[in-house]
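Under the working numbering, the first sequence has 611 at position 611, and the numbering climbs by one with no breaks. One structure is given here, and the rest of the page talks about it.
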Amino acid sequence: MNSTHRNLPSIADRILFHLQKSLINLRQLQQVQAQILTNSSLQTNSLITHFLSSCARSRKLDYASHFLHNLRDPTSSSWNSMIKLSVESGSGQEFMGFYQKMLLDNVKPDAMTFSSILRGCVTFSKISLGEAVHGLILKMGFVFDMFLQTGLLDFYGKAGDLTSAKQVFDEMPQRDVVANNAMIAVLSKCGHVTDAHNLFEKMPERNSASWNCMITCYCKLDDICSARTIFDKNPVKDVVSWNAMIDGYCKSGQIETARELFNRMGSAKNSVTWNTMIAGYVQCREFAKAVLMFQQMQVENVKPTEVTMVSLLSACAHLGALDMGRWIHAYIRHHNLKIDVVLGNALIDMYYKCGSIETALEVFHGLSRKNVYCWNSIITGLGMHGHGKEAIDAFLKMEEEMIRPDGVTFVGLLSGCSHSGLVSEGRQYFSQMIGVYGVEPGIEHYGCMVDLLGRAGFLEDALKLIETMPIKPNSIVWGSLLRACRVHRDTKLSEQVTQRLLELEPHDGGNYVFLSNVYASVNRWNDVEICRRMMTEKGVRKTPGCSSIEVNNVVHEFVVGDTSHPRFAQINAFLDEIVKELRDHGHEPDTASVLHDIDDEEKENAVRYHSEKIAIAFGLMSIRQGPIRVVKNLRVCRDCHEATKLIAKLFRREIIVRDRNRFHHFRDGFCSCKDYW
DNA sequence: GTAGGGTTAG
Numbered sequence: 001m002n003s004t005h006r007n008l009p010s011i012a013d014r015i016l017f018h019l020q021k022s023l024i025n026l027r028q029l030q031q032v033q034a035q036i037l038t039n040s041s042l043q044t045n046s047l048i049t050h051f052l053s054s055c056a057r058s059r060k061l062d063y064a065s066h067f068l069h070n071l072r073d074p075t076s077s078s079w080n081s082m083i084k085l086s087v088e089s090g091s092g093q094e095f096m097g098f099y100q101k102m103l104l105d106n107v108k109p110d111a112m113t114f115s116s117i118l119r120g121c122v123t124f125s126k127i128s129l130g131e132a133v134h135g136l137i138l139k140m141g142f143v144f145d146m147f148l149q150t151g152l153l154d155f156y157g158k159a160g161d162l163t164s165a166k167q168v169f170d171e172m173p174q175r176d177v178v179a180n181n182a183m184i185a186v187l188s189k190c191g192h193v194t195d196a197h198n199l200f201e202k203m204p205e206r207n208s209a210s211w212n213c214m215i216t217c218y219c220k221l222d223d224i225c226s227a228r229t230i231f232d233k234n235p236v237k238d239v240v241s242w243n244a245m246i247d248g249y250c251k252s253g254q255i256e257t258a259r260e261l262f263n264r265m266g267s268a269k270n271s272v273t274w275n276t277m278i279a280g281y282v283q284c285r286e287f288a289k290a291v292l293m294f295q296q297m298q299v300e301n302v303k304p305t306e307v308t309m310v311s312l313l314s315a316c317a318h319l320g321a322l323d324m325g326r327w328i329h330a331y332i333r334h335h336n337l338k339i340d341v342v343l344g345n346a347l348i349d350m351y352y353k354c355g356s357i358e359t360a361l362e363v364f365h366g367l368s369r370k371n372v373y374c375w376n377s378i379i380t381g382l383g384m385h386g387h388g389k390e391a392i393d394a395f396l397k398m399e400e401e402m403i404r405p406d407g408v409t410f411v412g413l414l415s416g417c418s419h420s421g422l423v424s425e426g427r428q429y430f431s432q433m434i435g436v437y438g439v440e441p442g443i444e445h446y447g448c449m450v451d452l453l454g455r456a457g458f459l460e461d462a463l464k465l466i467e468t469m470p471i472k473p474n475s476i477v478w479g480s481l482l483r484a485c486r487v488h489r490d491t492k493l494s495e496q497v498t499q500r501l502l503e504l505e506p507h508d509g510g511n512y513v514f515l516s517n518v519y520a521s522v523n524r525w526n527d528v529e530i531c532r533r534m535m536t537e538k539g540v541r542k543t544p545g546c547s548s549i550e551v552n553n554v555v556h557e558f559v560v561g562d563t564s565h566p567r568f569a570q571i572n573a574f575l576d577e578i579v580k581e582l583r584d585h586g587h588e589p590d591t592a593s594v595l596h597d598i599d600d601e602e603k604e605n606a607v608r609y610h611s612e613k614i615a616i617a618f619g620l621m622s623i624r625q626g627p628i629r630v631v632k633n634l635r636v637c638r639d640c641h642e643a644t645k646l647i648a649k650l651f652r653r654e655i656i657v658r659d660r661n662r663f664h665h666f667r668d669g670f671c672s673c674k675d676y677w
């Protein structure tokens, strides 16, 4: 025996030790690869598998594939691990590629191979592929073991094909707890909760997953009480049970109860618990609380994941918290989090909603893969910022890249055309929706078209479209036309439209807002008053106006009538100065319209100043350089719009206001919306 | 078995 042979185990051990480290750099990876490939005695199943999983952890699947090709005697088990790893860590593009390569390498697939492929079909929603794989398994005559059968069950569950799932289940000669759990999951997904429960009751053995499956099953049906009963009865509660229950409360809007459970968990929480709670606050539109939760998570030293960041970015997008969003982006880069389509889209969404369309574009172009969500976000973002032409260009590029547009794409595109006054382009794409793109126009697309036509002054065309559209127009569609009538001062048509609106939906609270607009526009203030009284009587609820601004990473919210801000007195005094300055430069406050205009679903006139003015004043006081960015939950009122134009000019600052619908870039006395919003 | 993404018109 020569010395090399004696040393072999130690080399293998050393390599193994290297590979088992959580982080391995590329150089080390290459070294190990060379070592294994040049020494065929090192090509053991264990080392091969460990090397492959290191590649997967370092997101270097191409290394792994190259490595497999160069093995002296690749086995199906090596390729199987490859497929399994690419399913677990890949993007859904690779795993079938590895299967093809395996065939090219003359390695025969086995039951394990197909089991992994089925897992991939479940993970990446590849329905037709999964069905084909089932056929292939039958054709190749493999013995269906319980593992493969359970894989099929999972797959048909994902596909929502209850019949096939039942067939597979019934044909199983024996079923272990995992198989039964899979069937419960299928039944629950297809809404057969009673069947799921019966199976659950009949099971000879239950593990924690069985109980948890039933919890999610009831949660999905929004039957939180039953879910809670199961949760309380569960003798083997683990962290998943708690997480599932917390998520159930979040999804049903009972965020406080979710929080109680969360608090009761103490140190039993894991990162999913935190992510669930953060996402819950975002879903309940408690964005500031979501951020607080994240800060708490950091205090407790729990590592945020990609999922945390997605929820957090969504919170930033809603809050308009650009600084915080930027900080998260930096964190993602610094900690090497994987920017997949979901996280990428969350970034794009955050940037454009926080007023930075440029950075949104950078992120967008930097994504290696873009799905329809990403394209929709960028198209919508461009449109909202008044870049209609660029929105159309993006749409055309999307077509080139063979991504099929959906209904949302057209909402973004058409509203983009509308904001930029691109009438003929909008008309063209609308008319091509079904024939060319196979997307059925919905009420929202008709809404966009009415807005587009009306905005540009084609009131007759807009009316004709409403009268001939195949869907019953709702109050929003009529309202779009009404708004256009008001802008283009067509009182006669306004009255007609209002009539139609009230006939159509006499109980819709929103109609009273319209009606009062019409009266206000013809100075029938008495009728406006009556209208407002009717709204109060009917209990039509109006959202209070609220503007927020971010200063040094802190979001300051100004709600109407709320004087609780610590620097309120100072802000108020400064606002007095601004108002005086505005007056000196000829700005007359639009008091009549402020008093009677309930266009913005709010009665900010109850207090002296609208929330956006307070936020802008605070911004001017606190931010020395760069644009002032304000986010408002409702539409900007006419008076504030005029005032802001002048403030931008007098203070020589760019003021970017995001309102309910779009962005206003105020600069040097002008606004990017060209006074139509 | 538990957690994450996009949209319009008043």
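All C-beta atoms, glycine included, are put in the ideal place defined by N, C-alpha and C.
>> Using DSSP's beta-bridge definition, name the partner residues of C546.
In response: As a first step, residue 546 must be located in the first sequence, where it is residue number 546. Looking at the DSSP assignment, C546 forms a beta bridge with V559.
>> As an exercise, report each continuous alpha helix (DSSP H) stretch of at least 4 residues that is fully enclosed by the region 192-277, in chain order.
In response: Counting only runs of 4 or more, we get 193-202, 208-220, 224-233, 239-251, 255-264.
> Can you name the start and end residues of the alpha helix (DSSP H) that V408 belongs to?
Replying inline: On the first sequence, position 408 is the one that residue 408 refers to. Counting along the chain, the alpha helix (DSSP H) containing V408 begins and ends at 407-419.
> In terms of residues, what are the limits of the beta strand (DSSP E) holding K632?
Replying inline: One-based indexing of the first sequence puts residue 632 at position 632. 628-632 is the extent of the beta strand (DSSP E) around K632.
> Which stretch, first to last residue, makes up the beta strand (DSSP E) that contains I127?
Replying inline: Taking the first residue of the first sequence as position 1, residue 127 is located at position 127. DSSP places I127 outside any beta strand (DSSP E); the residue lies instead in the alpha helix (DSSP H), whose first and last residues are 127-140.
>> As a quick exercise: from T38, R629, V487, pick the residue whose alpha carbon is nearest that of V551.
In response: On the first sequence, residue 551 is found 551 positions in, with the first residue counted as 1. Comparing Cα-Cα distances from V551 to each of T38, R629, V487, the minimum goes to R629.
> Can you give the beta carbon distance from S252 to C213, rounded, assuming they're within the 8 angstroms contact cut?
Replying inline: Here residue 252 refers to the residue found at position 252 of the first sequence. Here residue 213 refers to the residue found at position 213 of the first sequence. Going by Cβ atoms, the distance from S252 to C213 rounds to 18 angstroms, so no, they are not a contact pair.
> By Cβ distance below 8 angstroms, which residues in the same chain neighbour A12 in space, the five residues on each side in sequence not counted?
Replying inline: Taking the first sequence and counting its residues from 1, the one referred to as residue 12 is at position 12. Answer for A12: L42, T44, L47, listed in chain order.
>> Let me check one thing: in DSSP terms, what residues is I655 bridge-paired to?
In response: Position 655 of the first sequence, counted from the start, is the residue given in the question as residue 655. Answer is I628, F666.
>> Judging by CA-CA distance, which residue of T468, P441, R483 is the nearest neighbour of A456?
In response: If you number the first sequence from 1, residue 456 lands on position 456. Of the candidates T468, P441, R483, the one whose C-alpha sits nearest the C-alpha of A456 is R483.
>> Does the contact criterion of 3 or more C-beta pairs under 8 angstroms hold for the region 277-284 versus the region 319-336?
In response: Judged by Cβ distances under 8 angstroms, the region 277-284 makes no contact with the region 319-336, as fewer than three pairs qualify.
> According to DSSP, is C680 helix, strand or coil?
Replying inline: Since the displayed the chain opens at 1 and closes at 677, residue 680 lies outside it and no answer follows.
> Since V551 sits in a beta bridge, which residues does DSSP pair it with?
Replying inline: Taking the first sequence and counting its residues from 1, the one referred to as residue 551 is at position 551. Note: V551 sits in a beta bridge opposite V554.
>> Cutting at 7 angstroms between CB atoms, please list the residues of its own chain near V411, excluding the five before and the five after it.
In response: Numbered from 1 along the first sequence, position 411 holds the residue referred to as residue 411. Excluding sequence positions up to five before and after V411, its CB lies within less than 7 angstroms of the CB of E444, H445, C448, all in the same chain and listed in chain order.
>> Please state the DSSP three-state secondary structure of T308.
In response: One-based indexing of the first sequence puts residue 308 at position 308. If DSSP states are grouped into helix, strand and coil, T308 belongs with the helices.
> Looking only at DSSP bridge pairs, what is C671 linked to?
Replying inline: Counting from one through the first sequence, the residue named residue 671 turns up at place 671. DSSP lists F666 as the bridge partner or partners of C671.
> Just curious, the alpha helix (DSSP H) that L649 is in, first and last residue?
Replying inline: Within the first sequence, the letter at position 649 stands for residue 649. Reading the sequence as shown, one finds Lys at residue 649 and not Leu. Note, K649: alpha helix (DSSP H), 638-650.
>> Can you tell me whether E94 is helix, strand or coil according to DSSP?
In response: Residue 94 sits at position 94 when you count from the first residue of the first sequence. Looking at E94 - three-state DSSP - the assignment turns out to be coil, as it is neither helix nor strand.
> Pick from L367, C417, G344: whose alpha carbon is nearest that of T380?
Replying inline: One-based indexing of the first sequence puts residue 380 at position 380. Checked all of L367, C417, G344; the closest Cα to T380 is C417.
> Roughly how many angstroms separate the alpha carbons of W274 and D490, rounded to a whole number?
Replying inline: Walking along the first sequence from the start, residue 274 turns up at place 274. Walking along the first sequence from the start, residue 490 turns up at place 490. One alpha carbon belongs to W274, the other to D490, and they sit about 55 angstroms apart.
> If you compare alpha carbons, which of L501, Q35, L153 is closest to G130?
Replying inline: Residue numbering aside, residue 130 sits at position 130 when the first sequence is read from its first letter. Closest by C-alpha distance to G130, out of L501, Q35, L153, is L153.
> Between which two residues does the alpha helix (DSSP H) containing H445 stretch?
Replying inline: Here residue 445 refers to the residue found at position 445 when the first sequence is read from its first residue. Where H445 is concerned, the enclosing alpha helix (DSSP H) stretches over 443-455.
> Do you know how far the Cα of L162 is from the Cα of M146?
Replying inline: Reading the first sequence from its first residue, position 146 is the one you call residue 146. Reading the first sequence from its first residue, position 162 is the one you call residue 162. Near 19 angstroms, if we compare the C-alpha coordinates of L162 and M146.
> Between E286 and the rest of its own chain, which residues show a CB-CB distance below 8 angstroms, the 5 nearest in sequence each way excluded?
Replying inline: For the purposes of this step, residue 286 is identified with residue 286 of the first sequence, where counting begins at 1. Excluding residues within five positions, the ones whose Cβ falls inside 8 angstroms are I255.
> In whole angstroms, what is the alpha-carbon distance linking S547 and A615?
Replying inline: Position 547 of the first sequence, counting from 1, holds the residue named residue 547. Position 615 of the first sequence, counting from 1, holds the residue named residue 615. One C-alpha to the other measures close to 6 angstroms.
> Which residues in the same chain as N2 place their Cβ atom closer than 6 angstroms to its Cβ, once the five residues preceding and following it in sequence are excluded?
Replying inline: Counting from 1 along the first sequence, the entry for residue 2 is found at position 2. For N2, the predicted model reports a pLDDT of 45, less than 50, meaning its position is unreliable; a value from the coordinates is still stated below. No residues qualify anywhere along the chain.
> S89 to R59, Cα distance in whole Å?
Replying inline: Position 89 of the first sequence, counting from 1, holds the residue named residue 89. Position 59 of the first sequence, counting from 1, holds the residue named residue 59. Each residue's Cα considered, the two are about 8 angstroms apart.
>> Please state whether the Cβ-Cβ distance between K303 and S271 is less than 9 angstroms.
In response: Taking the first sequence and counting its residues from 1, the one referred to as residue 303 is at position 303. Taking the first sequence and counting its residues from 1, the one referred to as residue 271 is at position 271. Taking 9 angstroms as the Cβ cut-off, K303 and S271 qualify as a contacting pair.
>> Taking 9 angstroms as the threshold (C-beta atoms), are F200 and S210 in contact?
In response: For the purposes of this step, residue 210 is taken as the residue at position 210 of the first sequence. For the purposes of this step, residue 200 is taken as the residue at position 200 of the first sequence. At the C-beta level, S210 and F200 come within 9 angstroms of one another.
> I think C637 touches H665, with their Cβ atoms under 8 angstroms apart; what is that distance to the nearest whole Å?
Replying inline: Within the first sequence, numbered from 1, the residue matching residue 637 stands at position 637. Within the first sequence, numbered from 1, the residue matching residue 665 stands at position 665. Wrong, their Cβ atoms sit about 18 angstroms apart, outside the cutoff.
> Quick one: is F17 buried, meaning 16 or more other Cβ sit within 10 Å of its Cβ, or exposed?
Replying inline: Looking up residue 17 in the first sequence gives position 17. In the assembly as shown, F17 is an exposed residue. Its beta-carbon has fewer than 16 other beta-carbons within 10 Å.
> In the structure shown, what three-state DSSP assignment does K603 receive?
Replying inline: By one-based count along the first sequence, residue 603 stands at place 603. Caution is warranted here: a pLDDT of 41 is assigned to K603, below 50, making its placement in the model unreliable, and the coordinate value is therefore given only provisionally. In the structure shown, the three-state DSSP call for K603 is coil.
>> Excluding the 5 residues flanking Y63 on each side, which residues of the same chain have their C-beta closer than 7 angstroms to its C-beta?
In response: As a working mapping, residue 63 is identified with position 63 in the first sequence. Contacts found: L29, Q33, C55.
> Taking the C-alpha atoms as reference points, what is the distance between D323 and G157?
Replying inline: For the purposes of this step, residue 323 is identified with residue 323 of the first sequence, where counting begins at 1. For the purposes of this step, residue 157 is identified with residue 157 of the first sequence, where counting begins at 1. If I take the Cα positions, the gap works out to 42 angstroms.
> According to DSSP, is T44 helix, strand or coil?
Replying inline: Mapped onto the first sequence, residue 44 falls at position 44. It is coil, neither helix nor strand.
> For the putative contact between S115 and F98, defined by C-beta atoms under 8 angstroms, what is the C-beta separation to the nearest angstrom?
Replying inline: Taking the first sequence and counting its residues from 1, one reaches residue 115 at position 115. Taking the first sequence and counting its residues from 1, one reaches residue 98 at position 98. So it is not a contact: roughly 14 angstroms between Cβ atoms.
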